[in-house]
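Novice: The structure that follows is given in the form of structure tokens.
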Amino acid sequence: MKLVGIAGSVADKSYNRMLLKYIASHFSDQVDIELLDINDVPLFNQSDDQTNGDAVQYLNHKIMAADGVIIATPEHNHTITASLKSVIEWLSFNIHPLSGKPVMIVGASYYDQGSSRAQLNLRQILESPGVDAIVMPGNEFLLGDVKEAFDDNQNLKDDRTVSFLKETLTKFMKFVKVINTMNKPEDPGWEAEDLEAKGKVETTVEGVDMHAADWVEKAAEKTHAAEGDDYVKLDRGLLTVNQLNYFLNSMPIELTYADANNQFIYYNHFLEAKDMLASRTPGQAGNPMADCHPKRAIPHVKQVIHMLRSGQTDMFRLPVPGMGPDKYVMHYYKAMHDAQGEYKGINELVLDIMPMIQYYLKHTGQMLVKDPDADTDAVSGASTNVKPEKTDAVSGASSDAEPEKPTVDEVSGASADAEPAPKPTKPDVDEVSGASSNS
Amino acid sequence: MHKFVAIVGTNSDNSTNRKLLQFMQKHFAAQADIELVEIKGLPLFNKPENKQVPAAAQAIADKIDQADGVIISTPEYDHSAPAVLMNALEWLSYYIHPLADKPVMIIGASYGALGTSRAQEHLRQILDSPELRARIMPSSEFLLGHSLQAFDDDGNMIDQTKLAKLAGLFSDFETFVELTKKLNHANEANREEIHDLDWANL
Numbered sequence: 001m002k003l004v005g006i007a008g009s010v011a012d013k014s015y016n017r018m019l020l021k022y023i024a025s026h027f028s029d030q031v032d033i034e035l036l037d038i039n040d041v042p043l044f045n046q047s048d049d050q051t052n053g054d055a056v057q058y059l060n061h062k063i064m065a066a067d068g069v070i071i072a073t074p075e076h077n078h079t080i081t082a083s084l085k086s087v088i089e090w091l092s093f094n095i096h097p098l099s100g101k102p103v104m105i106v107g108a109s110y111y112d113q114g115s116s117r118a119q120l121n122l123r124q125i126l127e128s129p130g131v132d133a134i135v136m137p138g139n140e141f142l143l144g145d146v147k148e149a150f151d152d153n154q155n156l157k158d159d160r161t162v163s164f165l166k167e168t169l170t171k172f173m174k175f176v177k178v179i180n181t182m183n184k185p186e187d188p189g190w191e192a193e194d195l196e197a198k199g200k201v202e203t204t205v206e207g208v209d210m211h212a213a214d215w216v217e218k219a220a221e222k223t224h225a226a227e228g229d230d231y232v233k234l235d236r237g238l239l240t241v242n243q244l245n246y247f248l249n250s251m252p253i254e255l256t257y258a259d260a261n262n263q264f265i266y267y268n269h270f271l272e273a274k275d276m277l278a279s280r281t282p283g284q285a286g287n288p289m290a291d292c293h294p295k296r297a298i299p300h301v302k303q304v305i306h307m308l309r310s311g312q313t314d315m316f317r318l319p320v321p322g323m324g325p326d327k328y329v330m331h332y333y334k335a336m337h338d339a340q341g342e343y344k345g346i347n348e349l350v351l352d353i354m355p356m357i358q359y360y361l362k363h364t365g366q367m368l369v370k371d372p373d374a375d376t377d378a379v380s381g382a383s384t385n386v387k388p389e390k391t392d393a394v395s396g397a398s399s400d401a402e403p404e405k406p407t408v409d410e411v412s413g414a415s416a417d418a419e420p421a422p423k424p425t426k427p428d429v430d431e432v433s434g435a436s437s438n439s
Numbered sequence: 001m002h003k004f005v006a007i008v009g010t011n012s013d014n015s016t017n018r019k020l021l022q023f024m025q026k027h028f029a030a031q032a033d034i035e036l037v038e039i040k041g042l043p044l045f046n047k048p049e050n051k052q053v054p055a056a057a058q059a060i061a062d063k064i065d066q067a068d069g070v071i072i073s074t075p076e077y078d079h080s081a082p083a084v085l086m087n088a089l090e091w092l093s094y095y096i097h098p099l100a101d102k103p104v105m106i107i108g109a110s111y112g113a114l115g116t117s118r119a120q121e122h123l124r125q126i127l128d129s130p131e132l133r134a135r136i137m138p139s140s141e142f143l144l145g146h147s148l149q150a151f152d153d154d155g156n157m158i159d160q161t162k163l164a165k166l167a168g169l170f171s172d173f174e175t176f177v178e179l180t181k182k183l184n185h186a187n188e189a190n191r192e193e194i195h196d197l198d199w200a201n202l
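Chains as they are written, first to last, in the UniProt record's numbering: chain A, 1 to 439; chain B, 1 to 202.
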């Protein structure tokens with residue numbers, strides 16, 4: 001848990017700053033508290049907007065990134081200081097980093113009142129609509145007679161004060177968790193996945209018909225896309241577009257890129273549709289994902305995308321049998337993210353792993369035998385248990401990576417319900433095995 | 001004729017609180033001499049060790065000293081008085097005490113419907129603190145809501161009911177100023193107490 005602390009004073013000597021420093025160091029084994037400096041924040045003036053200045057943005061970023069805020073307020077003239085009020089005014093004018101943020105108030109004062117009025121006032125201010133902070137109720141920590149409160153090492157002298165402070169801080173840490181749970185947006189659920197790709201992401205090419213067979217050409221024209229011998233800088237290297245194509249088209253894997261808007265925007269086109277493990281045709285590129293799946297598969301596709309988008313799993317694995325005993329075709333759906341962790345779409349990899357298995361057996365002098373304890377028929381390509389937790393223990397696609405427990409017919413293999421595969425068209429079900437060949 | 005200092009409780013270039021005070025200055029010119037005072041430009045209060053108040057704050061303090069009373073018009077930011085007004089009052093109570101026993105009338109204007117009700121309450125609490133101890137006129141709220149629509153092009157208040165209320169309160173304030181002169185039994189003690197106040201050296 002990461003908290004930030006703000007002392008409501010710009011005086012050179014501040015007991016409230018001392019109190020926060022004490023809290024930060026004394027409880028550093030329990031919580032990480034960073035003290036924020038408000039000295040450079042100008043006095044609020046709505047006619048001279050300094051919201052984008054360094055001092056305000058520094059506070060903005062630190063507060064946004066923190067789980068909660070502790071404010072230590074002095075009391076001047078029965079209220080909080082103008083310097084603290086000014087900070088709050090900046091943070092409630094054109095930006096609102098305190099909105100929904102859990103806040104704990106403490107205060108130190110010279111006199112025995114211990115900032116009681118200022119604390120009440122601060123609550124009222126923090127709860128105003130522009131600020132919209134969520135202040136922990138009760139648990140007033142008032143440190144009166146502050147000049148006598150600290151020893152020479154700036155530690156609180158009184159044990160009972162320390163233990164009350166500890167109790168308050170412990171409660172606040174729980175409060176932070178509760179409030180931040182409350183603040184979490186509701187997961188819209190897999191039903192909300194829009195396979196028609198009606199929304200847009202920053203890379204969506206607008207004004208070009210997604211369904212058009214020449215979407216690639218039109219979209220390339222519109223975006224003045226690099227092509228041929230144009231160079232592209234990559235992480236890590238430099239290739240021309242031609243070189244990129246040589247490279248991707250020589251992969252012994254069928255690769256498909258579906259973006260965060262659920263638009264199918266690329267596949268490595270080195271085989272004709274009829275020769276592919278999961279067939280795609282050039283005209284499909286650009287299609288919304290709904291176009292690429294039979295209707296009955298749509299719920300499963302949505303479930304898989306939602307798991308990847310929401311981070312429930314990073315990779316979903318699916319064996320898609322039905323191509324005879326000589327092939328074992330795997331579909332891997334790998335979530336892609338940018339450097340900030342934002343979801344950028346799915347990399348679908350399709351390959352037949354049987355040649356690898358055969359190669360391995362041949363070169364290590366081994367053979368496959370049936371596991372008497374197995375509950376899957378591993379030999380018949382037609383009978384495959386698609387439960388990820390069983391088929392693939394290493395993958396990281398654990399049982400919670402499963403959208404919905406497929407009903408598996410132990411004899412025949414996967415039932416038709418068991419296929420969440422988002423995948424462009426291909427004929428449906430292998431009537432013999434009961435497992436659809438794909439989708 | 002009474003002489004009043006009218007503090008514009010904001011540093012904003014466009015302020016209906018300033019407009020309200022300008023209107024009063026003009027409208028009550030036959031009754032009282034009202035001087036508008038701006039608080040923009042005072043440095044942020046930082047409790048200087050040398051106990052020195054900036055010249056601009058001292059100048060305001062001197063004007064208040066010379067006045068029979070003070071009118072403060074406050075906006076409302078975040079359910080309370082603006083930082084810039086709190087800042088001015090911090091300087092005006094830092095080893096100087098121009099507002100002690102000084103009659104004060106609080107008014108306020110806001111764009112919304114509430115007319116600074118909470119900021120006025122807050123300002124009362126501040127002015128009541130030991131280092132300010134102003135004599136605030138009790139039970140006399142003047143809340144000007146929807147202030148952007150309150151004045152015509154010549155700066156005159158449009159709503160006559162509101163204007164009648166303001167005129168009544170202003171006359172009451174003049175009476176209150178005279179009354180306050182009689183509330184003098186504790187003046188000496190107040191002066192002494194406030195003079196001795198020094199939180200830092202308690």
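Virtual Cβ for every residue (Gly too), placed ideally from N, Cα, C.
Note that the structure is a prediction, hence the values are computed from the model and not measured.
Does the pairing of the segment 154-174 of chain A with the segment 153-168 of chain B give three or more beta-carbon distances under 8 angstroms?
Specialist: Segments in contact, no.
Novice: Check whether the Cβ of A/T79 lies closer than 9 angstroms to any Cβ atom in chain B.
Specialist: To locate residue 79 of chain A, count along the first sequence from 1; it is residue 79. A/T79 counts as touching chain B.
Novice: With a threshold of 7 angstroms on Cβ separation, who are the neighbours of B/K19 within its own chain once the five nearest residues in sequence on each side are excluded?
Specialist: Counting from one through the second sequence, the residue named residue 19 of chain B turns up at place 19. Answer for B/K19: F151, G155, listed in chain order.
Novice: Residue range of the alpha helix (DSSP H) that A/K2 falls in?
Specialist: In the first sequence, the residue the question calls residue 2 of chain A occupies position 2. First-last for A/K2: 2-7, but that is the beta strand (DSSP E), not the alpha helix (DSSP H).
Novice: Need the endpoints of the alpha helix (DSSP H) that B/H122 sits in, please.
Specialist: Here residue 122 of chain B refers to the residue found at position 122 when the second sequence is read from its first residue. Here the alpha helix (DSSP H) through B/H122 covers 117-127.
Novice: Using DSSP with H/G/I as helix, E/B as strand and the rest coil, what is B/G168?
Specialist: Walking along the second sequence from the start, residue 168 of chain B turns up at place 168. If DSSP states are grouped into helix, strand and coil, B/G168 belongs with the helices.
Novice: Between which two residues does the beta strand (DSSP E) carrying A/E254 extend?
Specialist: Your numbering for residue 254 of chain A matches position 254 in the first sequence. Its beta strand (DSSP E) spans residues 254-259.
Novice: Ends of the alpha helix (DSSP H) at A/L126?
Specialist: Walking along the first sequence from the start, residue 126 of chain A turns up at place 126. Run containing A/L126: 116-126, per the alpha helix (DSSP H) assignment.
Novice: Looking at B/L127: is its Cβ nearer than 9 angstroms to the Cβ of B/L99?
Specialist: Your numbering for residue 127 of chain B matches position 127 in the second sequence. Your numbering for residue 99 of chain B matches position 99 in the second sequence. Result yes, Cβ atoms of B/L127 and B/L99 sit closer than 9 angstroms.
Novice: Nearest to B/N87 by alpha carbon, out of B/A57, B/G69, B/I106?
Specialist: Along the second sequence, read from residue 1 onward, the residue named residue 87 of chain B stands at position 87. The option with the nearest alpha carbon to B/N87 is B/A57.
Novice: Which residues in chain A sit within 9 angstroms of B/S117, going by Cβ to Cβ distance?
Specialist: Start at 1 with the first residue of the second sequence, and residue 117 of chain B comes out as number 117. Correct list: empty, because the minimum Cβ distance to chain A is about 12 angstroms.
Novice: Determine the direct distance from the alpha carbon of A/S86 to that of B/Q31, and round the result to whole angstroms.
Specialist: What you label residue 31 of chain B is simply residue 31 of the second sequence in a count that begins at 1. What you label residue 86 of chain A is simply residue 86 of the first sequence in a count that begins at 1. Roughly 37 angstroms between the two C-alpha positions.
Novice: Using 10 angstroms around the beta-carbon of A/G324, count the other beta-carbons present and answer buried if the total reaches 16, otherwise exposed.
Specialist: Within the first sequence, the letter at position 324 stands for residue 324 of chain A. Flag for A/G324 reads exposed.
Novice: Can you tell me whether A/T51 is buried or exposed? The criterion is at least 16 other CB atoms within 10 Å of its CB, across all chains shown.
Specialist: Numbered from 1 along the first sequence, position 51 holds the residue referred to as residue 51 of chain A. With fewer than 16 Cβ atoms within 10 Å of its Cβ, A/T51 is classed as exposed.
Novice: Are the C-beta atoms of A/R17 and some chain B residue less than 9 angstroms apart?
Specialist: For the purposes of this step, residue 17 of chain A is taken as residue 17 along the first sequence, with counting starting at 1. With 9 angstroms as the cut-off, A/R17 does not count as an interface residue toward chain B.
Novice: On the premise that A/L368 lies in contact with A/L361, defined as a C-beta separation below 8 angstroms, what is that separation, rounded to the nearest angstrom?
Specialist: The residue labelled residue 361 of chain A in the question sits at position 361 within the first sequence. The residue labelled residue 368 of chain A in the question sits at position 368 within the first sequence. About 7 angstroms separates the two Cβ atoms, so the contact holds.
Novice: I'd like the list of long-range same chain contacts for B/N17, defined as Cβ closer than 7 angstroms, with 5 residues on each side in sequence excluded.
Specialist: Counting from 1 along the second sequence, the entry for residue 17 of chain B is found at position 17. Around B/N17: V8, G9, T10, S73, T74, P75, G108, A109.
Novice: Tell me which residues share the same chain as A/D338 and place their Cβ nearer than 6 angstroms to its Cβ, disregarding the 5 neighbours each side in the sequence.
Specialist: Here residue 338 of chain A refers to the residue found at position 338 when the first sequence is read from its first residue. Only K344 meet the Cβ criterion.
Novice: Would you report the Cα separation of B/P138 and B/T180, rounded to the nearest angstrom?
Specialist: To locate residue 138 of chain B, count along the second sequence from 1; it is residue 138. To locate residue 180 of chain B, count along the second sequence from 1; it is residue 180. Straight-line Cα distance between these residues: approximately 12 angstroms.
Novice: Could you compute how far the alpha carbon of A/Y110 sits from the alpha carbon of A/T203?
Specialist: The residue given as residue 110 of chain A occupies position 110 in the first sequence. The residue given as residue 203 of chain A occupies position 203 in the first sequence. So the alpha carbons of these two residues sit roughly 59 angstroms apart.
Novice: What does A/D88 touch in chain B if you count any residue whose Cβ is under 7 angstroms from its own?
Specialist: Locating residue 88 of chain A in the first sequence gives position 88, counting from the first residue. The identity of residue 88 of chain A in the sequence shown is Ile, whereas the question assumes Asp. The contacting residues are D78.
Novice: So which residues on chain A does B/V84 lean against when the C-beta distance must stay under 8 angstroms?
Specialist: Counted from its first residue, the second sequence places residue 84 of chain B at position 84. Result: L43, F44, N45, A82, S86.
Novice: Can you tell me whether A/K344 is helix, strand or coil according to DSSP?
Specialist: The sequence position of residue 344 of chain A within the first sequence is 344, counting from 1. Residue state, collapsed to three classes: strand.
Novice: Given that B/E141 touches chain A, what residues does it touch there, using C-beta distances under 9 angstroms?
Specialist: The sequence position of residue 141 of chain B within the second sequence is 141, counting from 1. Ordered by position in chain A, no residue passes the 9 angstroms Cβ test against B/E141, which lies about 18 angstroms from the chain.
Novice: Closest to A/M104 by C-alpha separation, out of A/I179, A/S279, A/H269, would be which residue?
Specialist: Counting from one through the first sequence, the residue named residue 104 of chain A turns up at place 104. When only C-alpha atoms are compared, the closest one is A/I179.
Novice: Indicate whether the contact test is met: 3 or more Cβ pairs, each with one atom in the segment 34-41 of chain B and one in the segment 59-66 of chain A, closer than 8 angstroms.
Specialist: They do not touch, by the three-pair rule.
Novice: Report all residues from its chain with a CB closer than 8 angstroms to the CB of A/G189; omit the five preceding and five following residues, and keep chain order.
Specialist: Within the first sequence, the letter at position 189 stands for residue 189 of chain A. Only H306 meet the Cβ criterion.
Novice: Comparing the C-beta of A/G130 with each C-beta of chain D, is any distance below 9 angstroms?
Specialist: Going by chain labels, chain D is absent from the structure shown, which instead holds the protein chains A and B.
Novice: Which chain B residues are close to A/I125, counting only those with a beta carbon under 7 angstroms from its beta carbon?
Specialist: In the first sequence, residue 125 of chain A corresponds to position 125, counting from 1. The contacting residues are D78, H79, S80.
Novice: Return yes when the Cβ of A/V216 is within less than 9 angstroms of the Cβ of A/G286, no when it is not.
Specialist: Numbered from 1 along the first sequence, position 286 holds the residue referred to as residue 286 of chain A. Numbered from 1 along the first sequence, position 216 holds the residue referred to as residue 216 of chain A. Cβ atoms of A/G286 and A/V216: closer than 9 angstroms.
Novice: Can you check whether the CB of A/K218 is closer than 9 angstroms to the CB of A/D209?
Specialist: Here residue 209 of chain A corresponds to residue number 209 of the first sequence, with the count starting at 1. Here residue 218 of chain A corresponds to residue number 218 of the first sequence, with the count starting at 1. Contact flag set, yes.
Novice: Starting from A/V350, follow its DSSP beta bridges and name the residues at the other end.
Specialist: Mapped onto the first sequence, residue 350 of chain A falls at position 350. According to DSSP, which records beta bridges pairwise, A/V350 is partnered with A/E254, A/H331.
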